[in-house]
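Here this note's numbering is used: the first residue of the sequence shown is 1, the next is one more, and so on.
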Amino acid sequence: MCGIVGIVNKEPQNKEKLKHQLGEMRDTMIHRGPDGFGSWISDDSKVGFGHRRLSIIDLSEAGKQPMSNPEQTIWITFNGEIYNHLDIRKELENLGYNYHSGTDTETIIYAYQEWGIGCLNKLNGMFAIGLWDDRQKCLYLIRDRVGIKPLYYVETGKSLLFASEIKSFFKHPDVVKQISEEGLYHYFSFGSTPAPYTLFKNIF
1 MCGIVGIVNK EPQNKEKLKH QLGEMRDTMI HRGPDGFGSW ISDDSKVGFG HRRLSIIDLS
61 EAGKQPMSNP EQTIWITFNG EIYNHLDIRK ELENLGYNYH SGTDTETIIY AYQEWGIGCL
121 NKLNGMFAIG LWDDRQKCLY LIRDRVGIKP LYYVETGKSL LFASEIKSFF KHPDVVKQIS
181 EEGLYHYFSF GSTPAPYTLF KNIF
C-alpha cells in the first residue's frame with residue numbers, strides 16, 4: 001500500500017510553493033508509505049507528483065518514486081502491484097529496453113513508452129497510476145479494472161489534483177471542504193457512495 005498525489009496546473013507556479021503544496025498533500029498519507037517518500041516537479045512548474053512508499057518489490061533506492069524513463073519524458077507515481085510484470089519485462093528486454101531496477105513501476109513506464117496507453121491491456125494486477133507524458137503534455141489517471149486501489153480527483157478551476165485519499169486535497173488552499181448532498185443521499189440510502197460520487201462536493 002503506497003500513497004500517490006499529483007497537481008497539474010493550467011499556468012506555471014512558483015516552484016517552491018508547488019513543492020510545499022505537494023509535500024503537504026503527500027505527507028497526509030505517511031501511514032500508506034512509511035519506507036520513503038519522493039516528489040517531482042516539471043521544468044515549467046506546472047506539474048508535480050508525490051509518492052509515499054511501502055517497499056514490496058526492489059527495496060533499494062532504485063525503486064524510489066516518482067520514477068521516469070531515462071529521457072525523463074514519461075513520469076509515473078504508482079500504487080499497487082503488477083502480477084505479470086516479469087513476463088512483460090522479458091518482452092521489453094527482448095525489444096532492447098535496459099532496466100535500472102527490479103520494480104514493476106519501471107515495467108509500466110517502458111510498456112507505455114513502447115505500446116502507448118494500449119499497454120494497459122497487458123497489465124494483470126491491482127493499481128492506481130498517475131502518468132505524465134511530457135511529449136504530449138498529457139496526464140493519465142488509471143485504475144485497475146475492479147478499482148481495488150483508490151484514486152480520487154478534484155478540479156479547482158486553476159488545477160487538477162489527484163490522490164489516493166481524499167483528505168490530501170484539504171491541504172491545498174483552493175479546495176473547499178463541502179458535503180455533497182448527492183453523495184450523502186447515496187450513503188444513507190445504500191450504505192455506500194457509488195463511483196463517481198464521494199461524500200464531498202466536486203471530489204470524485
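Idealized CB from N, CA, C, for every residue including glycine.
Keep in mind that this is a model prediction, so the values were computed, not measured.
Alpha-carbon to alpha-carbon, residue j and residue i
i, j, result
"H172", "M126", "28 Å"
"F162", "K90", "32 Å"
"Y99", "P66", "16 Å"
"S95", "W132", "Contrary to the premise, residue 95 reads as Leu rather than Ser in this sequence. Cα to Cα, the separation comes out at about 23 Å."
"G23", "E93", "35 Å"
"D208", "Q72", "It is not possible to answer for residue 208, since the shown part of the chain is limited to 1 through 204."
"S192", "R143", "20 Å"
"Q13", "C138", "18 Å"
C-beta contact flag for residue i and residue j at 8 Å
i, j, result
"Y112", "I74", "yes"
"I4", "T77", "yes"
"S159", "I41", "no"
"N69", "I109", "yes"
"Y140", "I117", "yes"
"N124", "Y83", "yes"
"R32", "S164", "yes"
"F204", "I179", "no"
"A128", "N79", "yes"
Buried or exposed by the 16-neighbour rule on C-beta atoms within 10 Å, applied to residue i
i, result
"V176", "exposed"
"I148", "exposed"
"G157", "exposed"
"S189", "exposed"
"C2", "buried"
"A195", "exposed"
Bridge partner(s) assigned by DSSP for residue i
i, result
"G50", "V5 and S39"
"P34", "R53"
"G130", "T77 and L141"
"I88", "DSSP output for I88 lists no bridge partner at all."
"F226", "The question about residue 226 has no answer here: the residues shown for the chain are numbered 1 through 204."
"S68", "W75"
"G191", "Looking at the DSSP assignment, G191 forms no beta bridge with any residue, so it has no partner."
"G125", "I82"
Closer than 7 Å: residue i CB and nearest the ligand MN heavy atom
i, result
"I109", "The ligand MN is not part of the structure shown, which contains no ligands of any sort."
Are there three or more Cβ pairs, one per stretch, closer than 8 Å when the region 184-193 is compared with the region 158-172? no
Note to self: Closer than 8 Å is the cut-off here; do at least three beta carbon pairs connect the region 16-28 with the region 41-57?
What the structure shows: yes
**Prompt:** Pairing CB atoms from the region 144-156 with CB atoms from the region 26-33, are three or more of them under 8 Å?
**Reply:** no
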